[in-house]
Structures are given as structure tokens and as C-alpha cells.
Amino acid sequence: KNCDSQINKTITMVNLASIPLVLPLAKWVWEATDNPEEVSPDICLSEVPFLSSGCFSALLAKALGVAIILGSCVNKVPLIMNMQKSKSADGISRNSLYGEALVYASCVFYGLLHEYPFSSYGENASLLIQNFVLIAMAWDLSATPVSIQEKVVSSGGFVAFSIFVMYLLPENLRYLLMSGTWPVMIYARGSQILETFQVKHTGNLSIVTTSMNLVGSLIRVGTTVQETGDAVILAGYILSFLLSFAMFVQYFLYLKNTQEFAEKSKKD
Numbered sequence: 716k717n718c719d720s721q722i723n724k725t726i727t728m729v730n731l732a733s734i735p736l737v738l739p740l741a742k743w744v745w746e747a748t749d750n751p752e753e754v755s756p757d758i759c760l761s762e763v764p765f766l767s768s769g770c771f772s773a774l775l776a777k778a779l780g781v782a783i784i785l786g787s788c789v790n791k792v793p794l795i796m797n798m799q800k801s802k803s804a805d806g807i808s809r810n811s812l813y814g815e816a817l818v819y820a821s822c823v824f825y826g827l828l829h830e831y832p833f834s835s836y837g838e839n840a841s842l843l844i845q846n847f848v849l850i851a852m853a854w855d856l857s858a859t860p861v862s863i864q865e866k867v868v869s870s871g872g873f874v875a876f877s878i879f880v881m882y883l884l885p886e887n888l889r890y891l892l893m894s895g896t897w898p899v900m901i902y903a904r905g906s907q908i909l910e911t912f913q914v915k916h917t918g919n920l921s922i923v924t925t926s927m928n929l930v931g932s933l934i935r936v937g938t939t940v941q942e943t944g945d946a947v948i949l950a951g952y953i954l955s956f957l958l959s960f961a962m963f964v965q966y967f968l969y970l971k972n973t974q975e976f977a978e979k980s981k982k983d
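Note that our numbering has the sequence shown beginning at 716, numbered continuously upward.
This is the structure:
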């Protein structure tokens, strides 16, 4: 019986491996693991459809990572649409946008430098691009003109930061890329939380974007444990979840004021 079972597994693996793209996909999902004796493309393909816990966990982490990246492509679209519709940047903290740009960039650089799977950090690249769009809109739609000095300092600072990290930062100090984002994240999200607290409404902030950030951070805690096990990254996602939760609570806390603000904006 054991011999028959092994033969069946081998036939299943061969049949699956003969299907175009299955083997490259299996290697992408299961090849880079910490436990190759239990989780590998050959082993996991032979177990289809009844995957072991190790194979299933790796597959789930990869699938969730891809889902987060795809979801991140529209993460800030509701906020962009709100600003475009209202022709206003009310309720948007530029300091928060600048800080988030550094956080997203640091996550991308950290993943690239450590050669982690793109599925473990790819959403940050998408969020960074969208964040640039929001910064440009905030400059254009701000109630008070944004000074040339602010634009030059923020843009030049980001370029200098990028060059330093990718070409000059010593390897033994790379961990600072992630641990350094903690105070920046607190400043960025904290600026937005403080802005909302002061005006007592959430302005153009989108509950869809906030909810996606909240859920995405929570899922990333699980995928980070599975894909990289990096404690520094893990702590960052936990912090992101807590700050996103605070913004989530504020949305409903000031919902009535936000609705009144929206009605007033329409009349104006």
C-alpha cells in the first residue's frame, strides 16, 4: 500500500509538473523556505490537493502577499477621488504624507537590499507611487499656497535619502531602515491623528483607505512571520496596525461632524 501511495504521488507530481507554468509557480511559492526537508516544490506538488501544514502555510502566505499587493494598487484611490471631487486638501496633513513617503520607501529599500520575496513588501512600492500623487495634489489644492522652499526641501531630501540608503548605507546598519521608520510612522500617522483631533472631522480622508491599511497591516503580521521571520519588520507592522486602528476609531467618532463638513463644502 505504501508503495502504491508513493507511485500515485509521483504520478500526480509528474502530471502537474507537465502543465505549463505550474513548475515555475511551484518554485516561486515553495522554493525559498527555511525547511526544505518538509517544504519544497517537489514535495508540495506531490501532496496536491491534500497539502501538509508547511506547504499550505507557505502557499497561504504567498497568496495573501499577492492579494495585499493587488489591493494596495487602489488603496489610496478613494482619497485621491475625494480630493479631486472636492477640489480641496482640507483634513489632509502634508507632514503625514511626507512621513509616509519615507516609511514606504524604507520598506522597499529594505526588501531590495535583503533580497526578500517581492510578495513580502511589494505593496509599499504601489503605496509610494500613490503617495507621490497625493503630495502633488496636496500642493495644488491646499487652501494656502505651498512655498517653493517646502517643495524643494521635501523633494531634495527624499532624493538624497534614496541615494544614501541604496549606495552608502553600511550593511550592518540596514536594520535602521525599518526600526527608523517607527518614529517616522508615529510622526506621519500621529500628525494625521492630531490634525483630525484638532478640526474634529476627518475631511477628505477615506474610511476605505483606512480600513485597507488596518486589515493589510494585520495580514502582514502573519505573512511576515511565515515568509521572512524578520522581527524588525514584524514590529513595524504591529505599530502600523495600532496607528491605523486609532484613525479608524476617529472616523466613526467624528462621523457626524464630517458629514456636516461635507454638506457645508457642497454649499460653498
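Every residue gets a Cβ at the ideal spot worked out from N, C-alpha and C, and that includes glycine.
My output table needs one value for residue i: the three-state DSSP class, helix, strand or coil.
i: Pro735; result: coil
i: Ser801; result: helix
i: Asn972; result: helix
i: Ser959; result: helix
i: Ile807; result: coil
i: Tyr831; result: coil
i: Ala875; result: helix
i: Gly895; result: coil
i: Thr725; result: The pLDDT assigned to Thr725 is 49, lower than 50, so where the model puts this residue is not dependable, and the model offers no usable value.
i: Cys759; result: helix
i: Ser720; result: Its pLDDT being 49, under 50, Ser720 is placed unreliably by the model, and the measurement read from it follows with that caveat. Three-state result, Ser720: helix.
Apply the 10 Å Cβ neighbour rule to residue i and answer buried if 16 or more other Cβ atoms are within range, or exposed otherwise.
i: Thr925; result: buried
i: Pro739; result: exposed
i: Lys791; result: buried
i: Ala820; result: buried
i: Phe976; result: buried
i: Gln913; result: exposed
i: Gln721; result: With a pLDDT of only 49 at Gln721, under 50, the local geometry of the prediction cannot be trusted, and no value is derived from it.
i: Gly769; result: buried
i: Glu942; result: buried
i: Glu887; result: According to the sequence displayed, residue 887 carries Asn and not Glu. Exposed: under 16 other Cβ atoms inside 10 Å.
i: Glu753; result: exposed
Going by alpha carbons, who is nearest to residue i out of the options?
i: Val823; options: Met881, Glu975, Ser932 and Trp743; result: Met881
i: Leu827; options: Ser801, Val789, Arg889 and Leu856; result: Arg889
i: Ile908; options: Tyr969, Leu933 and Tyr825; result: Tyr969
i: Leu812; options: Ile783, Met852, Lys800 and Ile784; result: Met852
i: Ile901; options: Trp745, Ala778, Asn810 and Ala741; result: Asn810
i: Gly814; options: Ser767, Thr896 and Thr917; result: Thr896
i: Ser985; options: Ile948, Gly806 and Ala840; result: As shown, the chain starts at 716 and ends at 983. That puts residue 985 outside it, with no answer to give.
Next on the checklist: With a threshold of 8 Å, are at least 3 pairs of Cβ atoms found where one atom belongs to the stretch 833-852 and the other to the stretch 951-962?
Outcome noted: At 8 Å Cβ cutoff, the stretches do not touch.
Item to check | Inter-stretch contact at 8 Å, needing at least 3 Cβ pairs: the stretch 785-801 / the stretch 848-865 | outcome: As far as the Cβ criterion goes, the stretch 785-801 touches the stretch 848-865, which means the pair count is three or higher.
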